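Below: one structure, written as C-alpha cells.
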Amino acid sequence: NAGVTQTPKFQVLKTGQSMTLQCAQDMNHEYMSWYRQDPGMGLRLIHYSVGAGITDQGEVPNGYNVSRSTTEDFPLRLLSAAPSQTSVYFCASSRRTSGPTGELFFGEGSRLTVL
Amino acid sequence: TQLLEQSPQFLSIQEGENLTVYCNSSSVFSSLQWYRQEPGEGPVLLVTVVTGGEVKKLKRLTFQFGDARKDSSLHITAAQPGDTGLYLCAGAPANAGGTSYGKLTFGQGTILTVHP
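Here the protein sequences come in this chain order: U and H. The first sequence begins at 834 in the working numbering and counts up one residue at a time. The second sequence begins at 1124 in the working numbering and counts up one residue at a time.
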C-alpha cells in the first residue's frame, strides 16, 4: 500500500538553486496539496489542486510553483531557494466529497535545508 | 485568513494522568479534524467532527466540537506512553457546499510527552 510517496526525503540546497519535490499518490484522489511545517507554526498550505490541470495558491505560495498534469502526480518546484524555505514539506491527497472534508493522506515528508 | 489557536504548545505528563488540548478560532468551520503525527512521518487522521456540539470518542480519546463550530477540544483519559506525539487540529472553511478541496487551516500543534 504505497499511498502518498514523496521524494527526496532529505535535500540540502544552496541559496539560489532550484529543485523539484516529487509527490505521487496511487489512490486516485482528486485533491492534492502541499504544506510546509515549521516549528511552532503547524502546517501551512502552499498550493493545492482539485484535479488534473487545475491548481491554486494557498496561504504561503511565494517562491513555489506547481503543476498537475496527471491525477497521480503533483510536483512542487522551488524556483530560487532561500534560507526562509528551510522546512519540512508534506504532500497530501484526499478524495472529493460533497459533504464534510475527507481525510487527508500525507506523505512522509521531505526535509529541505537551504544554506 | 482563518486562524486556529491551539494550546498548550507543550505538555509533559506522567502515565495515568488526564489532559485536554484546546483549539480555538474566531472563525466558523464546516468541520474540524484532529491528526496525530509521529517523528519522521506525516500526520494521520484521528477524527472528524462536523456538527456543533458533537462529541466523538475513540477509546480513551474524547473529541468535542463547540456549539458555534469555532472551537474544539481533545481530552485523553489515563494517558499512556504510546500517546506521545504531536497533535494537530485542522479546520475546513465554512464555504458554500462545505467541501474543503483539501485545504485545511492547521493549529500550531501540541507536543505531548507521556512519561512511564
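Positions of the beta carbon are idealized from the N, C-alpha and C atoms, including for glycine. Nothing here was measured: the structure is a model prediction, and the numbers come from that model.
Spatial neighbours of residue i within its chain, please: C-beta separation below 7 angstroms, excluding the five flanking residues on both sides.
i, result
"U/G935", "S927 and R928"
"U/P894", "I879 and H880"
"U/T840", "Q855"
"U/Q890", "H880"
"U/A885", "R901, S902, T903 and T904"
"U/D871", "S920"
Quick one: what's got a C-beta closer than 8 angstroms to residue i's C-beta in the same chain, skipping five residues either side?
i, result
"U/K842", "E941, G942, S943 and R944"
"H/K1180", "F1186"
"U/V883", "E863, Y864, D889 and R929"
Quick one: what's residue i bridged to in DSSP?
i, result
"H/A1215", "H/S1154"
"U/N898", "U/R910"
"H/Q1187", "H/V1178 and H/S1196"
"U/L945", "U/Q844 and U/S920"
"U/Q855", "U/T840"
"H/N1147", "H/E1128 and H/D1194"
"U/S926", "U/M865 and U/F938"
"U/Y881", "U/S866 and U/D889"
"H/Q1137", "H/H1238"
"H/V1167", "H/R1159"
Determine the direct distance from the alpha carbon of residue j to that of residue i, and round the result to whole angstroms.
i, j, result
"H/Q1125", "U/T888", "21 angstroms"
"U/F907", "U/Y868", "12 angstroms"
"H/A1217", "H/S1153", "4 angstroms"
"U/V845", "H/V1178", "44 angstroms"
"H/K1182", "H/T1233", "20 angstroms"
"U/G849", "U/L911", "9 angstroms"
"U/G896", "H/W1157", "29 angstroms"
"U/L937", "U/A925", "6 angstroms"
"H/D1206", "H/N1147", "22 angstroms"
"H/F1188", "H/V1173", "7 angstroms"
"H/R1159", "U/S920", "19 angstroms"
"H/P1239", "U/G873", "26 angstroms"
"H/G1162", "H/Y1210", "Looking at the sequence provided, one finds Pro at residue 1162 of chain H rather than Gly. If I take the Cα positions, the gap works out to 12 angstroms."
"H/L1169", "U/K847", "38 angstroms"
"U/P933", "H/V1237", "32 angstroms"
Using the rule of at least 16 other Cβ atoms within 10 Å of the residue's Cβ for burial, across every protein chain shown, is residue i buried or exposed?
i, result
"H/F1229", "buried"
"H/T1171", "buried"
"H/K1226", "buried"
"H/A1202", "buried"
"U/S913", "exposed"
"U/S851", "exposed"
"H/Q1129", "buried"
"H/P1081", "The requested residue 1081 of chain H does not occur in the structure, where chain H is confined to residues 1124 to 1239."
"H/G1176", "exposed"
"U/A835", "exposed"
"H/G1165", "buried"
"U/F939", "buried"
"U/F923", "buried"
Ignore the nearest five residues each way along the sequence and tell me which others in residue i's own chain have a CB closer than 6 angstroms to its CB.
i, result
"H/S1150", "Q1125"
"U/P916", "V947"
"H/G1214", "L1127, F1152, L1155 and T1228"
"H/H1198", "T1143 and T1185"
"U/V899", "H880, T888 and L909"
Taking Cβ-Cβ distances shorter than 8 angstroms, what residues in chain B pair up with residue i?
i, result
"H/G1163", "Checking the listed chains, one finds no chain B in this structure; the protein chains it contains are U and H."
I'd like to know if the stretch 1132-1141 of chain H and the stretch 851-867 of chain U are in contact, where contact means that at least 3 CB-CB pairs between them fall below 8 angstroms. The stretch 1132-1141 of chain H makes no contact with the stretch 851-867 of chain U; the number of CB pairs closer than 8 angstroms stays below 3.
Counting pairs of beta carbons, one from the stretch 1183-1199 of chain H and one from the stretch 893-911 of chain U, are three or more of them closer than 8 angstroms? No, the stretch 1183-1199 of chain H is not in contact with the stretch 893-911 of chain U.
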